[in-house]
Structure formats: C-alpha cells, structure tokens
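Those letters in the sequence shown? Residues 0 to 903, per numbering that gives the first Met the number 0, in order. Each residue gets a CB set at the ideal place from its N, CA and C atoms; glycine is no exception.
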Amino acid sequence: MTASSLQLDGQPVRYTDIAAIAAESGRDIRGFPYVIRVLLENLARHRSWGADVSDDELNALLDWRNHVDAGLPLRVARVFLPDSSGLPVLQDLAALRDAVARHGGDVDAVDARVPVDLIVDHSLQVTHWGDSQSIVRNMQYEFKQNAERYRFLKWAQQAFNGLRVFPPGTGIIHQVNLEFVSPVVQQETRPDGEWAYPDFVIGGDSHTPMINGIGVLGWGVGGIDAEAALLGHAYTFPVPEVVGVRLVGHIPPPALTTDAALLITQKLREFKVAGSMVEFFGPGVRELAVPERATIANMAPEYGATCGFFPVDAVTIEYLHASGRDPAVIERAEQYCRANALWREDADETPPQFSRVLEIDLSETVPSMAGPRRPQDRLPLPAIPADFRDRLHKPALEGGFAVPKDADVAQRATLADGDQPLRLPHGAIVLAAITSCTNTSNPTVMMAAGLLAKKAVERGLRVPEWVKTSLAPGSRTVTRYLQAAGLMDALETLGFFVIGYGCTTCGGKSGALSDPVVQAIERDRFVSVSVLSGNRNFEGRIHKLIRANYIGAPPMVVLYALAGRIDIDLDKEPIGQDRDGQPVYMRDVWPTPAEIQAVLPLASTRELFEAVYDPANLDIEAWREMQAPSGPRFPWDPQSLYLVDPPFFKDEPDGDSLGRLARALESASVLAAFGDSLTTDHISPGGEIPLETPPGQYLADAGVPQREFNSYIARRCNFHVMTRATFGNIRIRNALLDGEEGGNTLHFPDRARMTIFDAANAYRKEGRATIVIAGKEYGTGSSRDWAAKGTALLGVRAVIAESFERIHRANLIGMGVLPLAFLPGEGWRQLGLRGDETFSFENVEAGIREGGPIRVIARQGSREVRFDTIPQVLTAAERRLMADGGIPMSVLRALLPDAATAGR
Numbered sequence: 000m001t002a003s004s005l006q007l008d009g010q011p012v013r014y015t016d017i018a019a020i021a022a023e024s025g026r027d028i029r030g031f032p033y034v035i036r037v038l039l040e041n042l043a044r045h046r047s048w049g050a051d052v053s054d055d056e057l058n059a060l061l062d063w064r065n066h067v068d069a070g071l072p073l074r075v076a077r078v079f080l081p082d083s084s085g086l087p088v089l090q091d092l093a094a095l096r097d098a099v100a101r102h103g104g105d106v107d108a109v110d111a112r113v114p115v116d117l118i119v120d121h122s123l124q125v126t127h128w129g130d131s132q133s134i135v136r137n138m139q140y141e142f143k144q145n146a147e148r149y150r151f152l153k154w155a156q157q158a159f160n161g162l163r164v165f166p167p168g169t170g171i172i173h174q175v176n177l178e179f180v181s182p183v184v185q186q187e188t189r190p191d192g193e194w195a196y197p198d199f200v201i202g203g204d205s206h207t208p209m210i211n212g213i214g215v216l217g218w219g220v221g222g223i224d225a226e227a228a229l230l231g232h233a234y235t236f237p238v239p240e241v242v243g244v245r246l247v248g249h250i251p252p253p254a255l256t257t258d259a260a261l262l263i264t265q266k267l268r269e270f271k272v273a274g275s276m277v278e279f280f281g282p283g284v285r286e287l288a289v290p291e292r293a294t295i296a297n298m299a300p301e302y303g304a305t306c307g308f309f310p311v312d313a314v315t316i317e318y319l320h321a322s323g324r325d326p327a328v329i330e331r332a333e334q335y336c337r338a339n340a341l342w343r344e345d346a347d348e349t350p351p352q353f354s355r356v357l358e359i360d361l362s363e364t365v366p367s368m369a370g371p372r373r374p375q376d377r378l379p380l381p382a383i384p385a386d387f388r389d390r391l392h393k394p395a396l397e398g399g400f401a402v403p404k405d406a407d408v409a410q411r412a413t414l415a416d417g418d419q420p421l422r423l424p425h426g427a428i429v430l431a432a433i434t435s436c437t438n439t440s441n442p443t444v445m446m447a448a449g450l451l452a453k454k455a456v457e458r459g460l461r462v463p464e465w466v467k468t469s470l471a472p473g474s475r476t477v478t479r480y481l482q483a484a485g486l487m488d489a490l491e492t493l494g495f496f497v498i499g500y501g502c503t504t505c506g507g508k509s510g511a512l513s514d515p516v517v518q519a520i521e522r523d524r525f526v527s528v529s530v531l532s533g534n535r536n537f538e539g540r541i542h543k544l545i546r547a548n549y550i551g552a553p554p555m556v557v558l559y560a561l562a563g564r565i566d567i568d569l570d571k572e573p574i575g576q577d578r579d580g581q582p583v584y585m586r587d588v589w590p591t592p593a594e595i596q597a598v599l600p601l602a603s604t605r606e607l608f609e610a611v612y613d614p615a616n617l618d619i620e621a622w623r624e625m626q627a628p629s630g631p632r633f634p635w636d637p638q639s640l641y642l643v644d645p646p647f648f649k650d651e652p653d654g655d656s657l658g659r660l661a662r663a664l665e666s667a668s669v670l671a672a673f674g675d676s677l678t679t680d681h682i683s684p685g686g687e688i689p690l691e692t693p694p695g696q697y698l699a700d701a702g703v704p705q706r707e708f709n710s711y712i713a714r715r716c717n718f719h720v721m722t723r724a725t726f727g728n729i730r731i732r733n734a735l736l737d738g739e740e741g742g743n744t745l746h747f748p749d750r751a752r753m754t755i756f757d758a759a760n761a762y763r764k765e766g767r768a769t770i771v772i773a774g775k776e777y778g779t780g781s782s783r784d785w786a787a788k789g790t791a792l793l794g795v796r797a798v799i800a801e802s803f804e805r806i807h808r809a810n811l812i813g814m815g816v817l818p819l820a821f822l823p824g825e826g827w828r829q830l831g832l833r834g835d836e837t838f839s840f841e842n843v844e845a846g847i848r849e850g851g852p853i854r855v856i857a858r859q860g861s862r863e864v865r866f867d868t869i870p871q872v873l874t875a876a877e878r879r880l881m882a883d884g885g886i887p888m889s890v891l892r893a894l895l896p897d898a899a900t901a902g903r
C-alpha cells in the first residue's frame, strides 16, 4: 500500500498516502468527503500493517456512494470512556478473565490492545447547592457513595495495560478530550520506523462526536462495542452515507452558538440524517471558532447523525496553541494534515461530493429554547408561552401534560410563610442548571451567562427561592476564566455556585429538590419546569417530579431562573423589578457582542490550560489515598450490591446461537409495545431509583436505606438492579396499557397486569420467548449499552420497529437480540396488530445470514396477520456476531484454547 514520509522534528515519519491510493484507482482525493478520507487511511494503513482488510472492503470505500452499508473493519487509535459505561466495560473484562481461566485459557490475553482513557465524570450528583461549600460537600458525598466502585477502578488501572483513569473532579469526558487529551494526529514507533496517522476514537458516550470540532473523527458506541475494540478486535462499521451541510451567514446578536446548534439540530432531524455522517463546509464554517464547532458537533446524537465533522484547518491549529498543546504535537498535526489531504484551506470553494447536501443559513438563528421533551423541538422565545399553555390540557399521547381543565392550582406564586405552604403555578421553574459539556466548553456562552448575571445583580434582581440553581462546568478552566473576568461573584449571588465538575443535571443527577417544592408538586400536581444548558431533556431524565424540561444557552438559564416561570414573553414582559421598583426586561441585562468579546481573551491563554492540566494537579488527595486490590483477577465480594459478577460469560459458546434463536421465535409474546422515539432513557433510566419500582424494592429488600440507593448509573455494575430497571422509566408509555405511564404491561393470554420485569419472569418460566414492537427512531438518545443488556436479560429475543437509531441497533446485535424493521410504510399499528397476538417467525437463520426478509405471522384466535420484516444486521461482521450470540460469546470464543472451541 502506498506510503510517503515527511520530516517531523528532524526525523522521517511515514504515513499512508491517501491521495496516491485514490489516484491508483482512477479517483481524485479532492472529491472525497473528509470523513471518508479518514476511513480510507484507516483501512489502507492497517492493511499495510498486516491486518485482514480485503480488496472488496477497500474498493467499497473507494466507491463509497455505491456501497453504503458495506462493512468496514476499522481499528481505532484509542477508546475513551466515562465511568458510567467504562465501569461496566472493565467489569466485563474482569469477568471475561474469570471465564477464560475456567476454560484453561491465558487471562493475560484479556487486556487493552489500544490506549484507553476513563474519566470519572458521571457519578457527581447535585446533592448540595447554593453556597461556597457545595463543591466540597458534593465531592465528599460522591466518594462516600461510590468508594467501592472507585476502588475497583484503581484495581483495573494496575490490572490492564494502557488504561489511564482521570479521577473525580477533572471534568466531563468530552470537554477534557477537546481541551487536553486528543493530539489530533497520533505518532507510533513500529519495526519499520515512525508512523503518523489521524487520531480516531470511539467513546462509551453518545456525545463523543464533540471531538469532531477539532477535526478528529470520533463517535459514540455502546460499552459492548468498546470492549471488543479495546481487546483488539476490528470495529466493524458500515460504509456511511455522508451528508454535506453547507453553512452560510453568521449568527446574529442577540443569538448565541447554542441557538445555532438548536437550529441545526431541528433542520437536520427534518432532513433525516439518522445514521449518516454529517460534514460541515461553506463560508459559515470560517465564522466559527473551535468551541462553537464543538457545540454543534456535540449535538450530533440529537440530530441523529453518527458525527458532525469539521475538518482540520487554521482555526484548529489556533485552538491547539491556545489550549496549551505541546509545540511538537501542534506541528505534527498541521504538517501531517497538509501532506495527507486532510487539511481544509479557507480558499477551498469546491466542496467534496456528498450523498446529499443541505444548506443552513446561520443568519436565521434566533434566541431559542428546545422542549419540553426533545432537543430537536426548538422554539423561538416568543413561541414558548403559547406552546406551553397549549400543552397543559392536551393528552399525553399528543405531547401534552393532561392537566384537568378544572384543576385547582394557584395562578400566582406564593412563598411559604409560617404555616402557609408554598403554592406554585403551572410552568413554575423549580430547577435551573448551567451544566453539560455541550455549552460549558464554549467560553462565549459561559461569559455571556456571567455578564448577564452581573447586570442582573447590579439592578438588584434575585432568583426566587423555589428555584434550585447550580453550575457544573465541564472542566476547571471555566471556573478560572470566569473568576479572571470578575463574573463568578455575580453568578454566586444568584445561586449559581460551582457544585463540582462532571455530568450532573443533564444526565439525570440533579439531586433532590427542596422539601417545600416537593410538597407543592405532590400536593397541587402542577406542571413544574427545569431549564438547563444541556443536550438532553427526555421525559423522566432530569428529575422524576419535573414534567417539562427546556434546554438552551447558559445565559438563557440564568434569565429564566430570574423570571421563575417558563410561560413568560421575554420580549414584552419584565423578568423582575429593580431596587427602585422599575421593570427589568431581557434587553436590559442581555450582554452585547462587544461586552462578550472584551472578556473572551481571558479564556484562551496557554497558561490557563497548562495550569489546569498540569499532571501534578490532576489527582486529588482522596483518590491517591484510596486503597484497592491488586493482581490480575478481581476478588468479587458476594455481598456487594454495586459490583456483582455479571452473567454474560457464564454460558458455553457452543456455536448454535442462531438455531436457538430461530427455535425460540417459533412462538413469542409481546412484552411491550411502543410508539415513536422511544429513547434509551425510556428503556434504561439513568437518574434516581424510586422506592416503589422493582429495582427500588430489590435494594430495600437487601437492607439498603432509600437515601443510599444512589443512581441507576452508579448501580450499573449490578445486573439485578439494571434488569429490573429495563423499560422502567417513570414516563415510559406502553401501548398495551393504552399509554399509561410507568414500567407495567399485560401478560398474555390471561391479560394480568404486572410490571414488565415480572411479566418477563413469567414468560421465562412458561418457556416462551418475548419480543418488543415499536414505531420510528427506536433507541434514540444515549449510547447506554444497558438498554440492550437489560433487554437481553429480560429474555427479549427480537425488536420489531419502523426504524432504529444507529448505536442502539448495534448494541442489540452485540447482545444477540435481533433488530427487525417493518417494511417502509408499515408498522404495528398500520398492520392492525394489538400486541395480544402470538408471533411466529419464519426463515430466521437464512434471513440473518443472507439479509433477506423474515416472515412474521401474528395470530390471535381466528385472526391472523402476515407481514415481512427486514433484519437490521447490516454487515458480515454483524451477522457473525448474531451467529455467536453477541459480542460476549464472540470475544470469549476468540480467547479460549482450541479444545474449548472445537464445536465452532
């Protein structure tokens, strides 16, 4: 394969010359999207290094537009994990070592083959807030609650080669990746010399595409895919459709980057880019600094794309300098990208050839919020009050809150006074959080929040006492530049104290509301609201008592917190009164572009980043002093309710998985039926664990006090909790129960009403397989593999939906659950299915192996419905995984001695 070299730091460094490879096939590399160029380099380089890459696979990528969905055996440069998915990954590896040992294999073979970074960023909860000690007390609480999990991480760090753990308090995985970890271009010493190649990363969190903002190709995967990749297996990915998004114009004040990201999200969802790669180009790109690009790239899961890519250019290099990268790293990134056709010149006016192109005019951006349930549901500010009021009395299935029209709820907020309880109206904001790497990585919007707070404080405004406020930056750089700009005091005066560094409210770790607010919600049943600068606002995610959630820019969070309600027309109504009793409007406190620009230089100095990411400052004392086990195998504690030996490697890999699946699907019952946009949050919730649910009862029966339940994320290494939680979101609506909220279902044929967990157990005892039927966009949202793991452990053998989100579809295959798509224009409702039928499947094995249709017959009494489905098993590697029964069995078989795999 064609190789060239360049001089770096006085020595020759080799690289795979993609322009030459394209030319050899009669093509011009300039016609290829940049994401395809990165994938081409990956295949060609690894082939030259001896990996199993066929001519057909390479040619499919060279002719990519005519081979969409053909499988590509990619090898990633590194794997990046948050603790939420990383802990289960490492737990599985520990269990895999035990399984290999049981079969007489080499446990040392279970090790990381590529560098792995894990950041402890998803355990922090907003338990304490509103004062300067919040950050200290939250950190103390975090270590107390999670000490067992953290000791396991310290064991893993000494047990697995190439694993680096960033301890609690460092920041959010994606912001740290952007600001510090990624070199943009990697360099490796091999037997034939030095090699340079693009940094290509997969992460165990769906917002990994944030790194696309500096021209690094990366996207989110489930933990089970990450396991296989770090063990050295090829990460199989289908040849993508590449959608070019031409950005023109510029973001007009008073709008900010967040508003543009919400506009782009809305338009790309309408353009149907789910599963595609998005690449941005056009004159509007030149207007965007790296933090602005990163904000847009971070939202890729919200617009449904695999990635939102901004190729490397001069703006990238400026950011690498500003963020304190080593000069040699910066030089390598620029010289390599220029030499190997991965550099985009500002003067480029001829774009690559894309599958489809959408033009978005950034000048259409206006101040907006998205809500109350989905990030793509963008609303310009003037439209929010009417939209909220319109939803109040609508049925839940029509997007409303189903409030009875005669409900007695106070129309004006009244404070608790003596024996008088707090009364709040529908639309009262009870939680306001500046959170999430999406926005806290962007100094422009963070400085704007601080400037708005400063103006508000100068006018004498205060946040109402019923609003829980918090500031959770994605890295410590944010605190430092806000302090340097003199803006932190104003934010703290309004209650926005730093409560820690991590993914908090956006990921469901919002903590408890104050007792008077909880009492008011439970008594009056009013529709309470949260506002946050996050990327997700799915039902039941932010807080179980908050039914309407809106996401927007950090200054918008401060503004709405001051107003105390969502149904305010910010153009016409004041947000409060100043010390003199005069009305104060949004326009009075919103910062001007000149004011923001005046303080921005404070956020982009090398000294700032060098101080924050100095290795001497990364570890904290509590982490250094924590004792942990040592040795190659983890000593499981049979009494643990956090770290429970997982069941995924207990079966014998006998090579008959497809046969068992086909036999199971000869007669199956519907466990649950759903409509469109069922999210992974619905399937596997990530917030607090309610007492009245099956996982809550399990913990209570084990003697755990409710105050120590912790979150679902913290209990992800206990499969008993997570299986009971599957399809257990408090806002999930099972159509078998006419859309009733909660994790319940009907058991057939007796139609007994019970929890989904109990129904799954009943079907298992009866020897019957179960399936799930659903509408469009099944598995939208987070990349949490427990949505697939829990589905498999419940005994679900197939999911039939109108369409699937990419990551969850892959996760289902990784757990041996068959994803099937209805034919276009068909769905379970359109076919007249009710969910009480018995389903039989024909041609299962051949359909999976060959990609042909699988016939389904649904019977109930004399009624029969026949229809075809298409297996969503898209590549040869995915077909092999289904034949093996999923990734756990596949990797186990690969590691066992020949005698143990003789039946393959």
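Legend entry - the segment 478-485 contacting the segment 501-519, beta-carbon criterion three pairs below 8 Å: Counting C-beta pairs closer than 8 Å gives fewer than three between the segment 478-485 and the segment 501-519, which falls short of the contact rule.
Legend entry - Nearest-angstrom Cα separation, counted from A701 out to V272: Between V272 and A701, the C-alpha separation is close to 46 Å.
Inset, instruction - Kindly provide the ranges of any beta strand (DSSP E) runs that are 3 or more residues long and lie completely inside the segment 239-320, ordered along the chain. - result: Complete beta strand (DSSP E) runs here, min 3: 241-247, 276-280, 306-308.
Legend entry - Closest Cα partner of E776 within the set A820, V184, A758, A759: Nearest in C-alpha terms to E776, of all of A820, V184, A758, A759, is A820.
Legend entry - Proximity to P582 [Cα-Cα], best of A602, G459, G654: The option with the nearest alpha carbon to P582 is G459.
Legend entry - Inter-stretch contact (C-beta, 8 Å, three-pair minimum) for the segment 681-690 and the segment 706-713: Short answer: they touch.
Inset, instruction - Would you list the residues sitting across from P818 in a DSSP beta bridge? - result: Note: P818 is bridge-paired with V798 in the DSSP secondary-structure output.
Inset, instruction - Could you give the DSSP three-state label for S474: helix, strand or coil? - result: In this structure, DSSP gives S474 an extended state, which the three-state scheme calls strand.
Inset, instruction - Mark L287 as exposed unless 16 or more other C-beta atoms lie within 10 angstroms of its C-beta, in which case mark it buried. - result: By the neighbour-count criterion, in which 16 or more other beta carbons inside 10 Å mark a residue as buried, L287 falls on the buried side.
Inset, instruction - Could you tell me which uninterrupted beta strand (DSSP E) segments, each at least 3 residues in length, are contained entirely in the segment 440-500, listed from first to last along the chain? - result: Here the runs fully enclosed are 467-470.
Inset, instruction - Go ahead and pull the three-state DSSP assignment for E333. - result: Helix at E333.
Inset, instruction - Could you tell me which uninterrupted alpha helix (DSSP H) segments, each at least 4 residues in length, are contained entirely in the segment 370-408, listed from first to last along the chain? - result: Qualifying alpha helix (DSSP H) stretches, in chain order: 383-391.
Inset, instruction - Starting from the Cα of D514, find the closest Cα among R422, V530, L599, G533 and give me that residue. - result: For D514, the closest of R422, V530, L599, G533 by C-alpha to C-alpha distance is R422.
Inset, instruction - Run the CB neighbour count on H320, radius 10 Å, all protein chains shown included, and call it buried at 16 or more, exposed below. - result: Counting Cβ neighbours within 10 Å, H320 comes out exposed, since fewer than 16 surround it.
Legend entry - Beta-carbon gap between G161 and V115 smaller than 7 Å: Their beta carbons are under 7 Å apart, which means G161 touches V115 by this criterion.
Inset, instruction - Give every residue of the same chain whose Cβ lies closer than 8 Å to the Cβ of E913, excluding the five residues on either side of it in the sequence, and list them in chain order. - result: No information on residue 913 is available, as it lies outside the stretch 0 to 903 that the chain covers here.
Inset, instruction - Have a look at the DSSP bridge pairing and note the partners of W622. - result: BP columns for W622 are empty, so no partner.
Inset, instruction - Taking only the alpha-carbon atoms, compute the straight-line gap between R26 and L60 and give it to the nearest angstrom. - result: Rounded to the nearest whole angstrom, the C-alpha separation of R26 and L60 is 12 Å.
Inset, instruction - Indicate whether T874 and G778 have their beta-carbon atoms separated by less than 7 Å. - result: No, the Cβ-Cβ distance between T874 and G778 is not below 7 Å.
Legend entry - the segment 245-255 in contact with the segment 357-370 per 3-pair CB rule at 8 Å: Yes: at least three Cβ pairs fall under 8 Å.
Inset, instruction - May I ask which residues mark the beginning and end of the beta strand (DSSP E) holding R355? - result: Taken as a continuous stretch (DSSP letters only), the beta strand (DSSP E) holding R355 covers 355-360.
Inset, instruction - Identify whether W827 lies in helix, strand or coil by the three-state DSSP scheme. - result: Three-state DSSP puts W827 in coil, outside helix and strand.
Inset, instruction - Name the two residues that bound the continuous beta strand (DSSP E) containing E187. - result: Membership of E187 in the beta strand (DSSP E) is indicated by the continuous run 184-189.
Legend entry - Member of Q576, D566, G551, W635 whose CA lies at the smallest distance from the CA of E457: When each option's Cα is compared against that of E457, the closest is Q576.
Legend entry - In DSSP terms, what Q859 is bridged to: Beta-bridge pairing links Q859 to R862.
Legend entry - Cα-Cα separation, Q914 to P631: With the chain represented from 0 up to 903, any question about residue 914 goes unanswered, as that position is not in the structure.
Legend entry - Beta-carbon proximity check, D726 vs I755, cutoff 7 Å: First, the amino acid is wrong: residue 726 is Phe here, not Asp. A contact, by the Cβ cut-off of 7 Å.
Legend entry - Proximal residues to A893 (C-beta, below 6 Å), its chain only, five neighbours per side dropped: Cβ neighbours of A893 beyond the five flanking positions: none.
Legend entry - Reference A610, options R324, P282, Q139, closest by Cα: Comparing Cα-Cα distances from A610 to each of R324, P282, Q139, the minimum goes to R324.
Legend entry - Option in D16, D204, R29 with minimal Cα separation from G85: Considering only D16, D204, R29, the residue with the shortest C-alpha distance to G85 is D204.
Legend entry - Whether D566 touches G426 by CB criterion (7 Å): Yes, the pair counts as a contact, with Cβ atoms nearer than the cut-off.
Legend entry - D416 versus I433: straight-line alpha-carbon distance, rounded: Note that D416 scores 48 on pLDDT, short of 50, meaning its location in the model is unreliable; the coordinates nonetheless yield the value given after this. Cα to Cα, D416 sits roughly 29 Å from I433.
Inset, instruction - Kindly indicate which residue of W622, R189, L89, D883 has the alpha-carbon position closest to the one of V12. - result: Per the Cα distances, R189.
Inset, instruction - Taking P634 as the reference, give the member of A93, Q352, A19, S83 with the closest Cα. - result: Between P634 and the set A93, Q352, A19, S83, the nearest pair of CA atoms involves A93.
Legend entry - D107, buried or exposed, once every other Cβ within 10 Å from all chains shown has been counted against 16: Classification for D107: exposed.
Legend entry - N- and C-terminal bounds of the beta strand (DSSP E) containing S839: From DSSP, the beta strand (DSSP E) with S839 extends over 837-841.
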